[in-house]
Every structure is written in structure tokens, then in C-alpha cells.
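Enquirer: Have a look at the structure that comes next, please.
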Amino acid sequence: MTTVRIPPTLRPETGGAREVPAQGETVGELLDDLMSRFPSLTGKLEYANVYVDGEDVRTLDGHETQVRNGATVILLPAMAGG
Amino acid sequence: MGATEDAAARRVMAGQKPKGIAGRGTAPSLLDLVGDTPLVELSRLSPKRSVRLYAKLEGQNPSGSIKDRVAKAMIEAAEAAGDLEPGRELLEPTSGNTGISLALVAKLKGYPLTCVMPENATEERKRLLRLYGARIVESPGDQGSNGAVRAALELAEREPRYFMPFQYGNDANPRAHYAGTGAEIAEALDRVDVLVAGLGTGGTLMGAGERLRETYPDLVVAAAEPLPGDAVMGLRSLEDGYVPPILDVSRLDRKVLVSNEESVAGVRALLDAEGIFAGVSSGAVLHVARRLAAELDDGVVVSVLADGGWKYLSAGFWEAEDVERSMERTIWW
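Chains as they are written, first to last, in the numbering used here: chain A, 1 to 82; chain B, 1 to 333.
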């Protein structure tokens, strides 16, 4: 089981929950599990940056990135600074 | 010719001694003192003896941050291209440092400047901007830096009198780091395995990363990015997320989120162990630099510390207990 942290803009789709549990051995499986339980997330997750234990999965193996049991997954909007 | 050689050439033409490592000699203008920042070893903070950790002290630029390089480069590129002439007004979205750097350049070159800033940027940054003579237009705090970008783009569209350098999409931003930051590090060190910098526009990581990869092909380019508080993520939807056009994530090897707690621990460690008084993004950069240093058997890790601690004194990072919680509502990067 993995805990996924949900950003404020997506919380209406998860009944207001900041964190939800999800199952899957890879990031792709995890997101599929989330969308099956919260169908209104479908189409919205593609814009999220996904982090596994604090690292952006785009610099790991993308949706194939392995998620260990107990890992923390964070979804965030892309944000700039400067 | 790179920015560094350019400044050196001007010094020679002006009959001045080239600036040495000790910074002796004179400069015709403060703008000629942008860049050539010191690189210092952090021997007390390296997690193992076989890994050397260095910090590039960008807070020693004239207005106090790495953004002096970017502001100077963007304005001089626009002037050279004929896009910017006396009488035009400058407009820029910024969370602070780029605005302050642009305000310095604009003052010395005679351009009025308006900055679009999130209303929850730190008070020191707003005060500094006003002292340098800039006008501030505030954008909604809950939209973070992305809200400032959106508001500035709309304002520039409505009022064509503005020239917007636009650090997020201006190639002069990464070029300044290619010719300056990256070249200076390559010149100073015989070996670099990891480069760590904060992710804001992506300019430092793209430009310095590209330059250092030319000399050290196996270089790991690592971004430290802030984990934003809920209060500054109130975008209408994830589609409103903003990826700067100059940022190509595929050219990053690592992209690591850093919590407020980790950033604060980093700024405290820099001061306690090495006497370096640095800003909050530097704490995040140090955190990532130490984490990646610990993964190496041996090597050299260079961290780019974007600014000094002066603009964050009111936040109490160095002494206040439980400071992390009060960080949630403010834009720090």
C-alpha cells in the first residue's frame, strides 16, 4: 500500500482527502488504481508532476518507475519560480 | 565572446587591470561586477571525505543574487537586437530576485520598471524593489509565481508600451549561465561529477548544465525544487501549471523535491558549519547536494547558492522554532 498526496485542486475529486491510499507496483499501476476508485480524476492526472519518495518520475523511469511498499507519492502542479 | 571575457575585455580597454581572484582593480560600473563569483569548498558539510563539496556564492553579485547575471544578459541582448531603446518601459513577472536585479540594471540604464509579484512575496523583496525605484503590481498570492506570470503576460498584451524580458522564455537567461556560471565552474575545477541548482526558471540548470557537460560528459545535473505549501498551490486546475519554455526536463538527470523543514535545516547548516549566510533556496540546494554526494564513492559536487540570507531575515529561519509552519503561505523562490 502506498500513500498518495493529493494537491488542493484535485481534492474535490477525492472527497476532500489530502492523502489517499493506492495500490500498484509501478507509478502507472498506482495512477490507474486511483482513477478506478475516483473516476473523476481521469484526464486530470496527465498534468500532474509525480514524485516518488521526493524524486520526479520523469528523471526516473516515468510511469514504469517502481514504487516500493510504504513509499510516499506526491502529485503536484508544475510551478515556476524566479 | 562570453559575458566574463566581455567584462574582462572592457576592463582592459578602460586601462584597468583584469580582475584577479582577490577582486583587486576598479570597474567602470557596477554592472561590470556581475559574475565571477567565488567558489568555496564546504569541507565540513561533505558527508564523506572522498567527495568534495563546493558552493558557488551567487549572493556576492552586486544586487545580492544570481539573477544579476540574467537581468544584465536579457537587457543587453534586447538592446543589441534593437528590441529595446531608451523611453521603453520594462515589465517582468518575478517572485523577487529577478525583479531586484532588473531594477538595478534598469536604474543604471534609465528604464522605468514594473514588476508583477505574488502579494505574499517577502516584505524585504518588495522594499528592496521599491528602493531601487521599481513599481510593483501584485498578483493573487494563492496562485504563486504562476499567477504573476499569467498577470504579466496579460498586462503586456494589453499595454504595448511595455517591453517584457520574460526570464521564463528568454534564451539570454540560460546563455548567461552557459557563458558565466558554467564557464566559471569549469575554469575553476578539474573535475565535476554533480551540479546542483535550484529550479525556478530552469536557466541555471539548463545553461550551466550544458556548459559543464561539454567539459565533464558524465556530469549529473540535479534540480532542487521546493515542495510548495497548500496555500500557494490554489490553481484553478492542474492544466494551469506552468512549465517555463526554456526548461527542458529531459536534460535534467535528477529532480528532487525539498520540504520547508529540509530547506531550513540546510540554511542553518550552511551558517553553523561554514559561516555562509544564505537564502532559503540555498538550503534546499545544499540538502540535495549532500544527498547526491552521499551516493558517490568519490567525486566533486558543485552547488549553486542563489542568494544571501539578507532578504529572509524577517522569516527567522536561523533562530525561530517551528518556522516551517509559518513558511506555508509565502512565496520563497
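Each residue gets a CB set at the ideal place from its N, CA and C atoms; glycine is no exception.
Within 10 angstroms of its Cβ, does glutamine 66 of chain A collect 16 or more other Cβ (buried), or is it exposed?
Expert: Around the C-beta of glutamine 66 of chain A, fewer than 16 other C-beta atoms lie within 10 Å, and the residue is accordingly described as exposed.
Enquirer: Mind checking glycine 16 of chain A: buried by the 16 CB within 10 Å criterion, or exposed?
Expert: exposed
Enquirer: Report the CB separation of alanine 222 of chain B from arginine 254 of chain B in whole angstroms; it is logged as a contact under 8 Å.
Expert: 4 Å
Enquirer: Mind checking whether the beta-carbon of tyrosine 178 of chain B lies closer than 6 Å to any heavy atom of the ligand SAH?
Expert: Of the ligands one can find in the structure shown there are none, so the ligand SAH has no counterpart to examine.
Enquirer: Identify the continuous beta strand (DSSP E) that holds threonine 3 of chain A and give its terminal residues.
Expert: From DSSP, the beta strand (DSSP E) with threonine 3 of chain A extends over 2-5.
Enquirer: Identify whether lysine 200 of chain B lies in helix, strand or coil by the three-state DSSP scheme.
Expert: In the sequence on display, residue 200 of chain B carries glycine and not lysine. DSSP places glycine 200 of chain B in coil when its eight states are reduced to three.
Enquirer: CB-CB under 8 Å to arginine 18 of chain A, same chain, minus the five flanking residues each way: which ones, in chain order?
Expert: Arg5, Ile6, Arg11
Enquirer: Give a yes or no on whether 7 Å exceeds the smallest Cβ distance from proline 18 of chain B to chain A.
Expert: Residue placement at proline 18 of chain B is flagged as unreliable, the pLDDT there being 48, under the threshold of 50; the coordinate-derived value follows with that caveat. So no, proline 18 of chain B is outside the interface.
Enquirer: When you compare only the Cα positions, how much space is there between leucine 286 of chain B and glycine 87 of chain B?
Expert: Computed Cα separation, rounded: 42 Å.
Enquirer: Since I believe serine 95 of chain B is in contact with glycine 81 of chain A (beta carbons under 8 Å), could you give me their beta-carbon distance rounded to a whole number of angstroms?
Expert: 6 Å
Enquirer: Could you give the DSSP three-state label for glycine 96 of chain B: helix, strand or coil?
Expert: Three-state DSSP puts glycine 96 of chain B in coil, outside helix and strand.
Enquirer: Hey, does leucine 313 of chain B have any beta-carbon neighbour from chain A nearer than 7 Å?
Expert: Put simply, the CB of leucine 313 of chain B is far from chain A, with every gap to its CB atoms at 7 Å or more.
Enquirer: Starting from methionine 79 of chain A, find everything on chain B with Cβ-Cβ shorter than 7 Å and list it in chain order.
Expert: Gly144, Ser145, Asn146, Pro228, Gly241, Tyr242
Enquirer: Using a Cβ cut-off of 7 Å (strictly closer), state whether alanine 48 of chain A contacts chain E.
Expert: No chain E is part of this structure, whose protein chains are labelled A and B.
Enquirer: Quick check: is the beta carbon of arginine 175 of chain B nearer than 7 Å to any beta carbon in chain A?
Expert: False, the Cβ-Cβ gap to chain A never drops below 7 Å.
Enquirer: Using a Cβ cut-off of 9 Å, pull out every chain B residue sitting near isoleucine 74 of chain A, in sequence order please.
Expert: Going along chain B in sequence order, the residues near isoleucine 74 of chain A (Cβ under 9 Å) are Leu227, Leu257.
Enquirer: Alpha carbon to alpha carbon, how far is lysine 67 of chain B from arginine 211 of chain B? Give it in angstroms, no decimals.
Expert: 18 Å
Enquirer: Measuring CB to CB, does isoleucine 100 of chain B end up less than 7 Å from serine 139 of chain B?
Expert: no
Enquirer: Do we get a CB-CB distance below 7 Å when we pair tyrosine 168 of chain B with the residues of chain A?
Expert: yes
Enquirer: For lysine 48 of chain B, does the count of other Cβ atoms within 10 angstroms reach 16, so buried, or fall short, so exposed?
Expert: exposed
Enquirer: What residues of chain B sit near glutamate 109 of chain A, judged by a beta carbon separation below 9 Å?
Expert: In the structure as shown, chain A begins at 1 and stops at 82. Residue 109 of chain A is therefore absent and cannot be evaluated.
Enquirer: Residues of the region 197-221 of chain B with a CB closer than 9 Å to any CB of chain A: list them in chain order, please.
Expert: Gly198, Leu199, Gly200, Thr201, Gly202, Gly203
Enquirer: Along the region 95-110 of chain B, what residues have a CB closer than 8 Å to any CB found in chain A?
Expert: Ser95, Asn97, Thr98
Enquirer: Please report the residue range of the beta strand (DSSP E) in which glutamate 225 of chain B lies.
Expert: 220-226
Enquirer: Could you spell out where the beta strand (DSSP E) holding lysine 56 of chain B opens and where it closes?
Expert: 51-57
Enquirer: Sorted by chain position, which residues of the same chain lie with C-beta nearer than 6 Å to serine 281 of chain B's C-beta, five sequence neighbours on each side aside?
Expert: Gly198, Ala306, Trp333
Enquirer: Rounded to whole angstroms, what is the Cα-Cα separation between glycine 110 of chain B and glutamate 92 of chain B?
Expert: 16 Å
Enquirer: Using beta carbons (cut-off 7 Å, strictly below), is arginine 58 of chain A in contact with chain B?
Expert: yes
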